[in-house]
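Undergrad: Protein chains in written order, with full-length UniProt numbering: chain L, 1 to 246; chain Z, 1 to 523.
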């Protein structure tokens, strides 16, 4: 359902959910947001559970920092309590736990947007509806192209390096290897960006030029309905939280 | 005919360079004319083409002397972006110059920049895709999922959609399989189109060309005229200048008493006495090399790129010392993945690999460079100054020994990357991935000799290539990759005559196929 939703209402909806996660300091609410986002990823976006668990790892590690600070170093938890008080009240349980689930909820909501949105369509929508300048939009698309290409280039450089040093290819590069590859990789990225810029210019792209757009999907009534349903769902979760905004 | 593009005593020099990259050059391209710009690697052909709309020196830092006119107007009157309505580019490396996120975006990019009404764009995109032979189902495909050859086809469709009356194409078919290369030549060089094509190998485009312009090693025009005329008149000089010649011209240079340069290959073969078959065979086929022990064995191997799905299943292949194997197949068939698996860099997902590790010379030669100069790269192999000088000389790199490897021309980069692997005796197995891309005629002939030399030293060599004539001239055995498996494993010459099998794989027979047929008929 979310995959077919227009990127801009989806962005608004996800931002609203993230803002709600940031302003409401309630464990039950954070858990509810996290659970809804995870269920959407599992059943609507059909992301395999294994990949989903993998995605959670960086957010969990980040959130775990708050949790350990709060639980193991109680003297430090004053920071979290202070945060809770600044947001309107005292936390219901250990503040570190709330912060942990806040990170998880925000991470999963971001993942919902990232994994259900076509990046090219998103940039096109920004150019069409929010007047993102075309050179910037195409530079963004080029950067998105570059990520997989940089990975392939990095792998090829590592293979070439392994060949030169006469040793097998390591699964994960060691820190000295990664450091040695950083500059050639950066040089590759610069050269690649230069070639792309030349190509853009040769094909008629320049700042300030009036250009047309390939017709894109418009924001439909179904998109508005999904947006309002999402906002309604958020309101419901807020209402169900025992003390609402604390 | 009115003049489309004119260079008047143009000389171009890159910022910081000691001398001119090219020129002074004076040449004209008339409306409706299809011209081929020939020249050895590094003589400044690409720079000359980039200067046509002012990209050089406006966007590529440098200095230009002389004047350039496009459709009668001085090029400096408009910006390079404004000239896009007049002049369309097809760049050497489409993989790095595509703008859109999907195939549809990419093809629409030029017309969007020109402000064509949005409602007309889908029709323009569909028409360009059909003309370039791109299936409709590709429309929403992400560019990142396309192979190098597929991206080049998309770049061609984007050029057609742009609709500029003049086309400048820089080695447009370098990474294309033969069928796709021929389609590109047909479209780019259709009668009536105004096109200037830069190519190292004139073979596939020669029949579509009105005029050839050859640049000498000094970056000046050395020969100009109708293709057959300059090949008959200046074949020796062109070969000396590093320009790859079509087969008939090469045969004439090797067998001047047998092949008349004024005749087509078929006509020349029809007049050959049957007793001369062995001389023809010596020119187009590799000399036999004694085969040694097994260097590598793949047994029921499933090959997959790193982090990707299996692309080749149940591959069983044995390579012996002294053997040269050609790995052939259409774009995206999994040839490079097979190379990584053969070398041991990527272990097979299933099945077994037995044998010593091998080295791969990658398609992108820059992956091999890690030092600050060509000389320093070579010194990593052996620091002895006399050995370094010998290697630099042998691979034609002496003049650029103190340059940074990234500043070399594509052909020079290719030579350096091959030298780094071939000049050490560490590797019993060498795999060369598209080694002729960007090489001129002299460098290609030197590479052919070097491959034969490596095989004679007792190494096993595998060559991935789209150049069927090169494969025929270096390899005694060939495998055909396609449809997720090996489709053929046997003598290279036999595969090159199997038109049905080649056609099913989207490949075309080599230029030398009629010669093979003639040898077969007469022996």
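Where a beta carbon is used, it is the ideal one built from N, C-alpha and C, also for glycine.
Going by the CB atoms, is the gap between residue 157 (chain Z) and residue 107 (chain Z) shorter than 7 angstroms?
TA: For the purposes of this step, residue 107 (chain Z) is identified with residue 107 of the second chain, where counting begins at 1. For the purposes of this step, residue 157 (chain Z) is identified with residue 157 of the second chain, where counting begins at 1. Going by C-beta atoms, residue 107 (chain Z) is nearer than 7 angstroms to residue 157 (chain Z).
Undergrad: Leaving aside the five residues before and after residue 109 (chain L) along the sequence, list all residues of the same chain whose C-beta is less than 8 angstroms from its C-beta, in chain order.
TA: Residue numbering aside, residue 109 (chain L) sits at position 109 when the first chain is read from its first letter. Around residue 109 (chain L): 14, 17, 18, 21, 33, 37.
Undergrad: Note down, in chain order, all residues in the segment 197 to 228 of chain L with a beta-carbon under 8 angstroms from any beta-carbon belonging to chain Z.
TA: Flagged, chain order: 197, 198, 199, 200, 201, 202, 203, 204, 205, 206, 209, 210, 211, 212, 213, 214, 215.
Undergrad: The beta strand (DSSP E) spanning residue 63 (chain Z) covers which residue range?
TA: On the second chain, position 63 is the one that residue 63 (chain Z) refers to. That run of the beta strand (DSSP E) goes 62 to 70.
Undergrad: Quick check on DSSP: helix, strand or coil for residue 305 (chain Z)?
TA: Along the second chain, one-based indexing puts residue 305 (chain Z) at 305. Of the three classes helix, strand and coil, the one that applies to residue 305 (chain Z) here is coil, per DSSP.
Undergrad: Per the contact definition of three or more C-beta pairs closer than 8 angstroms, is the segment 227 to 242 of chain Z in contact with the segment 64 to 83 of chain Z?
TA: No contact exists between the segment 64 to 83 of chain Z and the segment 227 to 242 of chain Z.
Undergrad: So which of Z:169, Z:299, Z:366 has the shortest CA-CA distance to residue 354 (chain Z)?
TA: Against the second chain, residue 354 (chain Z) aligns to sequence position 354. Nearest option by C-alpha distance: Z:299.
Undergrad: Please report the straight-line C-alpha distance between residue 9 (chain L) and residue 236 (chain L), rounded to a whole angstrom.
TA: The count along the first chain starts at 1 and reaches residue 9 (chain L) at position 9. The count along the first chain starts at 1 and reaches residue 236 (chain L) at position 236. Approximately 19 angstroms, taken between the alpha carbons.
Undergrad: So with Cβ pairs under 7 angstroms, would you call residue 345 (chain Z) a contact of chain L?
TA: For the purposes of this step, residue 345 (chain Z) is taken as the residue at position 345 of the second chain. Closer than 7 angstroms: yes.
Undergrad: Roughly how far, in whole angstroms, is the beta-carbon of residue 211 (chain L) from the beta-carbon of residue 113 (chain Z), given that I think they are within contact range, below 8 angstroms?
TA: Your numbering for residue 211 (chain L) matches position 211 in the first chain. Your numbering for residue 113 (chain Z) matches position 113 in the second chain. Rounded, the Cβ-Cβ distance is 5 angstroms, consistent with contact.
Undergrad: If I measure Cβ to Cβ from residue 329 (chain Z) and keep anything under 7 angstroms in the same chain, skipping five residues before and after, which residues do I get?
TA: Position 329 of the second chain, counted from the start, is the residue given in the question as residue 329 (chain Z). So the list reads 335, 480, 481, 482, 505, once near-sequence residues are dropped.
Undergrad: Output, in chain order, the set of chain L residues within a Cβ distance shorter than 7 angstroms of residue 368 (chain Z).
TA: Taking the second chain and counting its residues from 1, one reaches residue 368 (chain Z) at position 368. Within chain L, the residues near residue 368 (chain Z) are 160.
Undergrad: Using the rule of at least 16 other Cβ atoms within 10 Å of the residue's Cβ for burial, across every protein chain shown, is residue 244 (chain L) buried or exposed?
TA: Translated into the one-based positions of the first chain, residue 244 (chain L) becomes position 244. Because the pLDDT of residue 244 (chain L) is 43, which lies under 50, any placement of that residue in the model is unreliable, and the question is left without a value.
Undergrad: Using beta carbons (cut-off 7 angstroms, strictly below), is residue 193 (chain Z) in contact with chain L?
TA: Here residue 193 (chain Z) is taken as the residue at index 193 of the second chain, counted from 1. Answer no: the Cβ-Cβ gap between residue 193 (chain Z) and chain L never drops below 7 angstroms.
Undergrad: Distance check for residue 60 (chain L) and residue 26 (chain L), CA to CA, integer angstroms please.
TA: For the purposes of this step, residue 26 (chain L) is identified with residue 26 of the first chain, where counting begins at 1. For the purposes of this step, residue 60 (chain L) is identified with residue 60 of the first chain, where counting begins at 1. Counting only the Cα atoms, residue 60 (chain L) lies some 18 angstroms from residue 26 (chain L).
Undergrad: Using DSSP with H/G/I as helix, E/B as strand and the rest coil, what is residue 207 (chain L)?
TA: As a position in the first chain, residue 207 (chain L) is number 207, starting the count at 1. Here residue 207 (chain L) sits in coil by DSSP.
Undergrad: Could you pull the start and end residues of the beta strand (DSSP E) that residue 489 (chain Z) belongs to?
TA: In the second chain, counting from the first residue as 1, residue 489 (chain Z) sits at position 489. From DSSP, the beta strand (DSSP E) with residue 489 (chain Z) extends over 485 to 491.
Undergrad: Should residue 273 (chain Z) go down as buried or exposed, given a rule of 16 or more other Cβ atoms within 10 Å for buried?
TA: Here residue 273 (chain Z) refers to the residue found at position 273 of the second chain. Exposed.
Undergrad: Please name the residue or residues paired with residue 252 (chain Z) in a DSSP beta bridge.
TA: What you label residue 252 (chain Z) is simply residue 252 of the second chain in a count that begins at 1. Answer is none; residue 252 (chain Z) lacks a bridge partner.
Undergrad: For residue 162 (chain Z), go through chain L and note every residue whose CB falls closer than 9 angstroms to its CB, in chain order.
TA: One-based indexing of the second chain puts residue 162 (chain Z) at position 162. Under the 9 angstroms cutoff, chain L gives 203, 204.
Undergrad: Against residue 391 (chain Z), what residues of chain L qualify as contacts under a CB-to-CB distance less than 8 angstroms, listed in chain order?
TA: By one-based count along the second chain, residue 391 (chain Z) stands at place 391. Those within 8 angstroms of residue 391 (chain Z) in chain L number zero; the least Cβ separation is about 15 angstroms.
Undergrad: Run the CB neighbour count on residue 72 (chain Z), radius 10 Å, all protein chains shown included, and call it buried at 16 or more, exposed below.
TA: Within the second chain, the letter at position 72 stands for residue 72 (chain Z). Residue 72 (chain Z) is exposed by the Cβ-count criterion.
Undergrad: Can you tell me which residues form a DSSP beta bridge with residue 361 (chain Z)?
TA: Locating residue 361 (chain Z) in the second chain gives position 361, counting from the first residue. Note: residue 361 (chain Z) sits in a beta bridge opposite Z:432.
Undergrad: With 8 angstroms as the limit, tell me which residues of the segment 160 to 190 of chain L have their beta carbon closer than that to any beta carbon of chain Z; keep them in chain order.
TA: 160, 161, 162, 163, 164, 166, 168, 169, 180, 184, 187, 188
Undergrad: Shortest alpha-carbon distance to residue 209 (chain Z) belongs to which of Z:192, Z:163, Z:219, Z:283?
TA: Along the second chain, one-based indexing puts residue 209 (chain Z) at 209. With distances taken between Cα atoms, residue 209 (chain Z) lies closest to Z:192.
Undergrad: Quick one: grab the DSSP three-state call for residue 244 (chain L).
TA: Stepping through the first chain from its first residue, residue 244 (chain L) is reached at position 244. Confidence at residue 244 (chain L) is low in this model, with a pLDDT of 43, below 50, so its placement is unreliable and the value that follows should be read with caution. Here residue 244 (chain L) sits in coil by DSSP.
Undergrad: Verify the CB distance criterion: does residue 544 (chain Z) have a CB-CB separation below 7 angstroms to chain L?
TA: Since the first and last residues shown for chain Z are 1 and 523, residue 544 (chain Z) lies out of range.
Undergrad: Using 10 angstroms around the beta-carbon of residue 186 (chain L), count the other beta-carbons present and answer buried if the total reaches 16, otherwise exposed.
TA: Walking along the first chain from the start, residue 186 (chain L) turns up at place 186. Residue 186 (chain L) comes out exposed.
Undergrad: Identify, in the order they occur along the chain, each residue of the same chain with its Cβ nearer than 8 angstroms to the Cβ of residue 518 (chain Z), setting aside the five sequence neighbours on each side.
TA: Within the second chain, residue 518 (chain Z) is the residue found at index 518, counting from 1. For residue 518 (chain Z), where only same-chain residues beyond five positions count, the Cβ hits under 8 angstroms are 269, 272, 277, 280.
Undergrad: Is the shortest distance between the beta-carbon of residue 236 (chain L) and the beta-carbons of chain Z less than 7 angstroms?
TA: Here the question's residue 236 (chain L) lines up with position 236 in the first chain. Not one chain Z Cβ lies under 7 angstroms of residue 236 (chain L).
Undergrad: Find the nearest neighbour of residue 53 (chain Z) within the set Z:40, Z:4, Z:128, Z:36, judged by alpha-carbon distance.
TA: Looking up residue 53 (chain Z) in the second chain gives position 53. Nearest option by C-alpha distance: Z:4.
Undergrad: Helix or strand or just coil, what does DSSP make of residue 128 (chain Z)?
TA: By 1-based counting over the second chain, the position of residue 128 (chain Z) is 128. When secondary structure is reduced to three states using DSSP, residue 128 (chain Z) falls in the helix class.
Undergrad: With DSSP collapsed to three states, give me the class of residue 444 (chain Z).
TA: Counting from 1 along the second chain, the entry for residue 444 (chain Z) is found at position 444. Residue 444 (chain Z) falls in the helix class under three-state DSSP.
Undergrad: Measuring CB to CB, does residue 159 (chain Z) end up less than 7 angstroms from residue 90 (chain Z)?
TA: Along the second chain, one-based indexing puts residue 159 (chain Z) at 159. Along the second chain, one-based indexing puts residue 90 (chain Z) at 90. A contact, by the Cβ cut-off of 7 angstroms.
Undergrad: Ends of the beta strand (DSSP E) at residue 269 (chain Z)?
TA: Translated into positions along the second chain, residue 269 (chain Z) becomes position 269. Unbroken run through residue 269 (chain Z) is the alpha helix (DSSP H), 265 to 270; no beta strand (DSSP E).
Undergrad: According to DSSP, is residue 139 (chain L) part of a helix, a strand, or is it coil?
TA: The residue given as residue 139 (chain L) occupies position 139 in the first chain. Helix at residue 139 (chain L).
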